[in-house]
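S.K.: Protein sequences, first through last, are from chains Y and U.
The first sequence: position 283 = 682 (our numbering), numbered continuously.
The second sequence: position 728 = 829 (our numbering), numbered continuously.
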Amino acid sequence: MDFLRPLTWDEALAYKAGRPEATPIQGGTDVMVEINLDKGRPAALLDLNPISELTGWSAEGRTVRVGAGVTYSRLIGELGSLLPGLAQAARTVGSPQIRNRGTVAGNLGAASPAGDSHPPLLASGAVVEAESARGRRMIPIGEFYTGVKRNALAPDELIRAVHVPAATGPQYFSKIGTRNAMVIAVCSFAIALHPGERRIGTGIGSAAPTPRRAVAAEEFLAGELDWDGRSALDPGVARRFGELVAEAASPIDDVRGRADYRLHSLSVMARRALGWAWKDYAGRGSA
Amino acid sequence: MTSIQTEPRSGSRSGVGASVPRPDGTLKVTGEFAYSSDLWLDGMLWGATLRSPHPSAWIRSIDIGPALAMPGVFAVLTHEDVPGEKFYGLEHRDQPVLAVDQVRYQGEPVALVAADHPETARRAAAAIIVAYEPREAVVDPRRAAFDPSCPPVHPHGNLVRHQPVRVGDRFQAEVVVTGEYEVGMQDQAFLGPESGLAVPAEDGGVDLFIATQWLHVDQDQVAPCLGLPKEKVRLSLAGVGGAFGAREDLSMQIHASMLALRTGRPVKIVYGREESFFGHVHRHPAWMRYEHGATADGRLVYVRAEILLDGGAYCSTSRAVVGNAASLGVGPYEVDNVRIDAYGVYTNNPPCGAMRGFGAVQACYAYESQMDRLAEACGLSPVEIRIRNAVSQGSRLATGQVVDSPAPLAGMLRELAAMPLPGSTVTRRSITEPSSAKPSSAEPVPDLRSLPGGVSQTTHGEGVRRGVGYGVGIKNICFSEGFDDYSTARVRVELLGGEPHVLVHTAAAEVGQGLITVKAQIARTELGIDKVTVAPADTSVGSAGSSSASRQSYVTGGAVKAACEAVRERLDSLRAGDPELGLVELLERFGPVEETREYRHRPTFPMDPVTGQGDSHTQLALCVHRAVVDVDVELGLVKVVELAAVQDVGRILNPVALEGQIHGGTAQGLGLALMEEIQVRDGRVLNPSFTDYLIPTILDMPPMRLSILENPDPHAPYGLRGAGEPPTLSSTPAVAAAVRAATGLELPRVPIRPEDIALAAPS
Ligand SMILES: Cc1cc2nc3c(=O)[nH]c(=O)nc-3n(C[C@H](O)[C@H](O)[C@H](O)COP(=O)(O)OP(=O)(O)OC[C@H]3O[C@@H](n4cnc5c(N)ncnc54)[C@H](O)[C@@H]3O)c2cc1C
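Following this line, the structure appears as C-alpha cells:
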C-alpha cells in the first residue's frame, strides 16, 4: 500500500489525477476501520491531513464554507449558531475521540445512508465543492448521493469544502439509536425553517438507500404554516407533516431496526422537530 | 452518588476490609497494561484460523496447497495434524480441535496457518480451499428438544441435559398467573480479544502464555490433544482483558501450541473483534414458560416452569447451566409445590456456555416478571409480594436444600424501597447543554443527556413517562452439584534486605476482578507483614479452580488464608523454644518458611435426576435492585435514571473493588435488559461487531445508590459471600419491570427493543 502525502491542495489534485484509485484519508474514522476489518485494501492512501487550508472555515456572505478538514468537535464548538442543525448532528457522532478526528467531508466521502451530516446538509441546501486537476465543480447536495455508499464524485475528484447556508430560522436534528450515545442511526431527521423564502428544508437519514429530502412534506408544510402571524401550529398539520416525511422514506429491515419502526419513528421525530422549530420561530416573533 | 453504609473493619491499613488500590488500575486507564495481545518474542510467527462460513455442513475435502505455497507461510494444519486426542471440552469432550469431516456452527475452526506476518497468515488461511456440502441446520431449540424427527447435531442426540425439580403435589390455587418469557443471546463482550503465545520448549513440551480463567483446566484439555504429558504443557497467565465466563472454554490454546510444536517457533494468535464473536461461547438464550399459583393474599402455593436453553453446537458448560436454572428456577421464595423442567439442547446455533450469572440470569428474568404479574393479580405492590414470599435463614429451597446462613431478603427489600427516589428529569430545567450545539430554542430544554435518546435529541420531554421496578436474584457461589472445588496457595515468608516479606503464589486468574489485591490483603491481615508480593499465576503451583462462579475470594482467598495460618503455626513452633524471638531473628536463624495448602468449601451433592432434590450448592447470595427509568413511550427509547441495590456480601474485603463489581454486574444486567443481543438468523450471527452489538456507555449507565450488608456466612472465610454475579441477575428484571411500569406493556422478552414499545398495542 502506498502512502501519498501531498503538502498542498494542488499537489493533492495532481496525485489524485495520477492515481484515481488512491483512497483519500482525512480523519480516518471510516477508512481505518475498513482497513482494520479487512473490508477493503486500498492500493494507496492519499493523506489530506497535512493540507492546512482544509482545516479552516469562513463565512462568505450568507454561506459558511466548511473546509474538508474541519472536525466535528470544531463544528460543535465554533459553528453552533451559524449552522445549528449540522452542529447538533455533529454532537451525536460517535464518541469524543471520533468527533475529534471525523469530518463532514469524510461523511460525504463515505456516503453511508446512516451518516449524520447528511440530513442537516439536505435541509439547509448545502453545496459540495469538488475539485480535480480538470477543474472545480459545485454539486448541490441533492445530487450528491447516488446510491448506498456511493456519491457523485468522479474518480479524480476530491472534496475541498462544503458550502452551507447560514441558518435564517430554527433548525433541529434528531436521531434514533438503541443506546443513548455512540450509536449509528437507526434513522434520523433534520428540519430547517427558511422564513425568508417561506420554505421548509428536510433531510431523512438511514431510511432509504441514500439520504434524501421529504419533498412532498416540505411543500405541504410551507403552504400550511402561518409565516406572518406566527400563530400556534395546528396539531393536525404537524401530524400530517410527520406522515408525509415517513412516506418519503423507503426503509428496510436490518440488524439495527425494523422498517416499520423506522417509518413510525420518522413521523414522530418530524412532528416533534417541527414543533420545536415552530415554537422557536413563533416565540421569536412575539419577542 | 454511591454510598457504602458499612464501615470497613479497622486493623491493617492495607489488610482485609481496606480499599487497597489495585496494581493494574492506573496501567489500564493509561493504556500501559500488557494484555495477552501485547505478547511478543523475537522470531515469533503469527497464527490464523480458518473458520466455517456454514452453521452445518459436511466437509468433503480440504486443499491446503494454495496456502502452503504462499511465501512466509510456515505451517498449515488440519484435524489430521492434531497430535493427540482430537476432541476437548469442559464437561464433555465433544468439541473437535479442528473440524473433522463436518462443521456444526458458523465460525467453527477448520484449519490453522502460521506465517511470519499476521496479514500473510490471514491471507493464507483464506487461500485454503474447503469443499463444504451444506446440510439442514438445526436452529430451533424447541424442535431440537422435543421433535424426534429433528436431525441429531451429535450422534447421541440433541438433549444435553434435562433436569426436573419435583416437590409437592398441590398445583391449584386461588390466583394463577402464567407467562412465556424469552431472553436473547448475550455476549460477554470483553474488550481484550482471545490471544496468547505458545513457545516450544527444549523438552518437547510447550510454554503457553494465555489469557484464561482457569490455567489448570486449560492444561487438562490442551495436553491430551497435543499428545503430551501434563507436565510438558506449562501455562502462565498473560494479561486478561475481561472474561465474564467467555474464557472458561478453550479458544486458541491448542491451536497456537500445535503450530509452535510443528514449526519449532513461538506462535502468537490474536483474534480480531469480529473473530472474537465466533471465538467464545455466549450466554444461553432461553425460552421459559411459567405458571405461579398463590393464595388471594399473595402467598405462593406452587410454581410450574419449563426452561429451555439453547446450548448451540457443543456442550461447553451447558449441563451446569441447566442445573443452575433448575435449582434456582423459582428464585429466593418459599414455595412448597414445584414442578420445573429445565432443558439444555444442542443446535447448530453458536455454542453457549458460561457467562456471569450462569443459568440463574435467565430464570431470574422470568420468575421476577412472574412475581410482578402476581403482585398485580393480588393487588399488592411488587415489594410487598416479594416480602411475603421471601426466603430467610432456615428456608427450604425447591431442591430441598435448607438455607443455612443469613438471607435477610425481606429486610433488604424494605431497605431498598425506603431509599429516596430521584427527582424528575423532565421538569428539571436548570441544566443546559454546555456545548454551543445546544438547540436554538428560546426556552431552555432539559439537559438532553438526561433524557431518553440523549443528545440524539429525540425528545424534549414529549412522550416521556417514568417507571419504577424491582428485581430480586439468588445466585449459587462456587461450583455446585458435587464438583470437587478447591484452590491451592503457596505462601512464603522470608527476609529480603533484612525485612520480612511475603510471597503469595496461586494459579488463580486475575481477570480484572481484583483478586491480586485481595490475596495480598489477606496475607497482610493473617501474617501482620506489610510487604507482600503476589507471584504471577502459573501451573507450577496447584490448581486454583476457575475465576468464575464468584468463587475466587472464597476459595483462593480461603487457600491463601489457610497457607498463611500454616506459616504462622510453623513460625510459632520454630519460636517455641524462645518465645521472645522476633520475626526477623527467627527468619535469620531458620531461613524462609513456606507452606502450601489446599482449601475446599463444604461439599455439595448432585441433584436427584428425577426429583432435583439435593444440597447442590454450598453458598447462596442475594442482591436486590430498584430501577427508575424514563421511557419515551412513542419512540421506545429508554433512559435509566437510577439503579439502587442492596446486596449482602457477608464481609467486605475491599470496599472500592466490591463497589466496582456491583456497578459492573448491574451494568451488564442493564445491557441485557435494553440492548445486548447477538442476533442469530438461520444459525448465522448478524452483528459480530461493537458497531451493532451494543453495550451500555457511560450515558446509559446511571449513578447507583448502594447499600452493602455484612451478615457473615459462618462457613466461609471471614464470613464472606461471593459478590460478582448476583447484581447481574437482579438488575435485568428490575429495569424490565420499570419499563413495563412506564409503558403498561407486557414486554415478555429481553432485550427490550425500541419497536417492542413503540409499535406495541397498549395492553
Ligand atoms: C467508533 C465510531 C463511531 C462512529 N459514529 C458515527 C456516527 O455516530 N455517525 C456518523 O455519521 N458516522 C459515525 N462514524 C463514521 C465516521 O466517523 C464518519 O463517517 C466521519 O464523518 C468520517 O470522517 P473522516 O474524516 O474520519 O473520514 P475518513 O475515514 O478519512 O474518510 C471517509 C471516506 O471519505 C473519503 N474522503 C475523506 N476525505 C475526502 C475528501 N476530502 N474528498 C473526497 N473523499 C474524501 C475517504 O476516502 C473515505 O472513503 C463512526 C466511526 C467510528 C469508528
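The beta carbon of each residue, even a glycine, is placed where N, CA and C say it ideally should be.
At a cut-off of 7 Å, is N506/Y close to ligand 1 when judged by its beta-carbon and the heavy atoms of the ligand?
M.R.: Taking the first residue of the first sequence as 1, we reach residue 506/Y at position 107. Yes.
S.K.: Could you tell me the boundaries of the beta strand (DSSP E) in which Q570/Y lies?
M.R.: As a first step, residue 570/Y must be located in the first sequence, where it is residue number 171. Per DSSP, Q570/Y belongs to the beta strand (DSSP E) from Q570 to I575.
S.K.: I'd like the list of long-range same chain contacts for V201/U, defined as Cβ closer than 7 Å, with 5 residues on each side in sequence excluded.
M.R.: Position 100 of the second sequence, counted from the start, is the residue given in the question as residue 201/U. Hits under 7 Å: H180 and K187.
S.K.: With a threshold of 8 Å between beta carbons, is G342/U in contact with chain Y?
M.R.: As a working note, residue 342/U is residue 241 in the second sequence. By this cut-off, G342/U is not an interface position.
S.K.: Is the Cβ-Cβ distance between A427/U and S651/U less than 8 Å?
M.R.: As a first step, residue 427/U must be located in the second sequence, where it is residue number 326. As a first step, residue 651/U must be located in the second sequence, where it is residue number 550. Taking 8 Å as the Cβ cut-off, A427/U and S651/U do not qualify as a contacting pair.
S.K.: According to DSSP, is H872/U part of a helix, a strand, or is it coil?
M.R.: This structure gives no information on residue 872/U, because the portion of chain U shown stretches from 102 to 864.
S.K.: First and last residue of the beta strand (DSSP E) that includes V174/U?
M.R.: Within the second sequence, numbered from 1, the residue matching residue 174/U stands at position 73. Counting along the chain, the beta strand (DSSP E) containing V174/U begins and ends at V174 to L178.
S.K.: Do you know how far the Cα of L517/U is from the Cα of A745/U?
M.R.: Locating residue 745/U in the second sequence gives position 644, counting from the first residue. Locating residue 517/U in the second sequence gives position 416, counting from the first residue. Distance between the alpha carbons of A745/U and L517/U is about 7 Å.
S.K.: Is the Cβ-Cβ distance between T428/Y and I538/Y less than 8 Å?
M.R.: For the purposes of this step, residue 428/Y is taken as residue 29 along the first sequence, with counting starting at 1. For the purposes of this step, residue 538/Y is taken as residue 139 along the first sequence, with counting starting at 1. Against a cut-off of 8 Å, the Cβ pair of I538/Y and T428/Y comes out as no contact.
S.K.: Give a yes or no on whether the C-beta atoms belonging to N438/U and V492/U are separated by under 8 Å.
M.R.: For the purposes of this step, residue 438/U is identified with residue 337 of the second sequence, where counting begins at 1. For the purposes of this step, residue 492/U is identified with residue 391 of the second sequence, where counting begins at 1. Result no, Cβ atoms of N438/U and V492/U do not sit closer than 8 Å.
S.K.: For a test of the three-state rule: what should DSSP assign to Y282/U, helix, strand or coil?
M.R.: Numbered from 1 along the second sequence, position 181 holds the residue referred to as residue 282/U. Residue state, collapsed to three classes: strand.
S.K.: Give a yes or no on whether the C-beta atoms belonging to T448/U and E192/U are separated by under 8 Å.
M.R.: Indexing the second sequence from 1 puts residue 448/U at position 347. Indexing the second sequence from 1 puts residue 192/U at position 91. Their beta carbons are not under 8 Å apart, which means T448/U does not touch E192/U by this criterion.
S.K.: Less than 7 Å between the CB of S494/Y and some heavy atom of ligand 1, yes or no?
M.R.: For the purposes of this step, residue 494/Y is taken as the residue at position 95 of the first sequence. Yes, the beta carbon of S494/Y sits closer than 7 Å to at least one heavy atom of ligand 1.
S.K.: What does H561/U reach in chain Y if we use C-beta pairs closer than 8 Å?
M.R.: Start at 1 with the first residue of the second sequence, and residue 561/U comes out as number 460. Residues of chain Y passing the Cβ test: R671 and W675.
S.K.: Looking at the C-beta of R578/Y, does it have a partner C-beta in chain U at a distance below 8 Å?
M.R.: As a first step, residue 578/Y is located in the first sequence; it is residue number 179 there, counting from the start. At least one chain U Cβ lies under 8 Å of R578/Y.
S.K.: Tell me the rounded alpha-carbon separation between E332/U and L596/U.
M.R.: Start at 1 with the first residue of the second sequence, and residue 332/U comes out as number 231. Start at 1 with the first residue of the second sequence, and residue 596/U comes out as number 495. Each residue's Cα considered, the two are about 31 Å apart.
S.K.: Could you tell me which whole beta strand (DSSP E) segments of length 3 or greater appear in the region 577–628 of chain Y?
M.R.: With a minimum length of 3 residues, the continuous beta strand (DSSP E) runs that stay inside the region 577–628 of chain Y are 586–593 and 598–604.
S.K.: Residues of chain Y with a CB under 8 Å from the CB of E375/U: which are they?
M.R.: Position 274 of the second sequence, counted from the first residue, corresponds to residue 375/U. Under the 8 Å cutoff, chain Y gives L436.
S.K.: Spell out whether any CB of chain U is found under 8 Å from the CB atom of S573/Y.
M.R.: In the first sequence, the residue the question calls residue 573/Y occupies position 174. With 8 Å as the cut-off, S573/Y counts as an interface residue toward chain U.
S.K.: How about Y660/Y: is its C-beta nearer than 8 Å to some C-beta of chain U?
M.R.: The residue labelled residue 660/Y in the question sits at position 261 within the first sequence. Yes, Y660/Y counts as interfacial toward chain U.
S.K.: Just by C-beta distance, which residues in the region 632–646 of chain Y are closer than 8 Å to chain U?
M.R.: For the region 632–646 of chain Y, which is checked against every Cβ of chain U, not one residue is closer than 8 Å.
S.K.: Would you say S557/U reaches chain Y, if we count a Cβ-Cβ gap shorter than 8 Å as a contact?
M.R.: Position 456 of the second sequence, counting from 1, holds the residue named residue 557/U. Chain Y contact via Cβ: present.
S.K.: Taking the straight line between their C-alpha atoms, what separation do you get for L695/U and A817/U?
M.R.: Indexing the second sequence from 1 puts residue 695/U at position 594. Indexing the second sequence from 1 puts residue 817/U at position 716. Residue 695/U is actually Glu in this sequence, not Leu. Cα to Cα, the separation comes out at about 24 Å.
S.K.: Cβ-heavy atom distance between L795/U and ligand 1 below 7 Å?
M.R.: Numbered from 1 along the second sequence, position 694 holds the residue referred to as residue 795/U. L795/U: no, Cβ never under 7 Å from ligand 1.
S.K.: Taking a cut of 8 Å between CB atoms, which residues from the region 718–747 of chain U lie near chain Y?
M.R.: The region 718–747 of chain U vs chain Y, Cβ under 8 Å: E735, L736, G737, L738 and K740.
S.K.: Report the rounded CA-to-CA distance for E209/U versus R785/U, giving the unit in angstroms.
M.R.: Start at 1 with the first residue of the second sequence, and residue 209/U comes out as number 108. Start at 1 with the first residue of the second sequence, and residue 785/U comes out as number 684. Distance between the alpha carbons of E209/U and R785/U: 12 Å.
S.K.: Using a Cβ cut-off of 9 Å, pull out every chain Y residue sitting near G554/U, in sequence order please.
M.R.: Against the second sequence, residue 554/U aligns to sequence position 453. Ordered by position in chain Y, the residues that pass the 9 Å Cβ test against G554/U are S573, K574, I575, G576 and N579.
S.K.: Closest by CA to V177/U, which one among D321/U, A227/U and L142/U?
M.R.: Position 76 of the second sequence, counted from the start, is the residue given in the question as residue 177/U. Nearest of D321/U, A227/U and L142/U to V177/U, Cα basis: A227/U.
S.K.: Let me see if you follow: with CB-CB separation under 8 Å, is M668/Y close to chain U or not?
M.R.: On the first sequence, position 269 is the one that residue 668/Y refers to. Answer yes: the Cβ-Cβ gap between M668/Y and chain U drops below 8 Å somewhere.
S.K.: Over what stretch of residues does the beta strand (DSSP E) that includes P539/Y continue unbroken?
M.R.: As a first step, residue 539/Y is located in the first sequence; it is residue number 140 there, counting from the start. Element bounds for P539/Y: G534 to P539.
S.K.: So who's on the other strand from D164/U, going by DSSP bridges?
M.R.: As a working note, residue 164/U is residue 63 in the second sequence. I230/U.
S.K.: For the beta strand (DSSP E) holding P564/Y, just list the boundary residues, first then last.
M.R.: Against the first sequence, residue 564/Y aligns to sequence position 165. Where P564/Y is concerned, the enclosing beta strand (DSSP E) stretches over L557 to P564.
S.K.: Could you pull out every residue in the same chain whose Cβ sits closer than 8 Å to the Cβ of P124/U, ignoring the five residues on either side in sequence?
M.R.: Stepping through the second sequence from its first residue, residue 124/U is reached at position 23. The residues are I617 and T618.
S.K.: In terms of DSSP beta bridges, what is T634/U paired with?
M.R.: As a working note, residue 634/U is residue 533 in the second sequence. In DSSP, T634/U forms a bridge with L604/U.
S.K.: How far does the beta strand (DSSP E) with V56/U in it extend, from its first residue to its last?
M.R.: This structure does not reach residue 56/U, given that chain U is present from 102 up to 864, and the question cannot be answered.
S.K.: So, helix, strand or coil for P855/U, using DSSP?
M.R.: As a first step, residue 855/U is located in the second sequence; it is residue number 754 there, counting from the start. In this structure, P855/U counts as helix in the three-state DSSP scheme.
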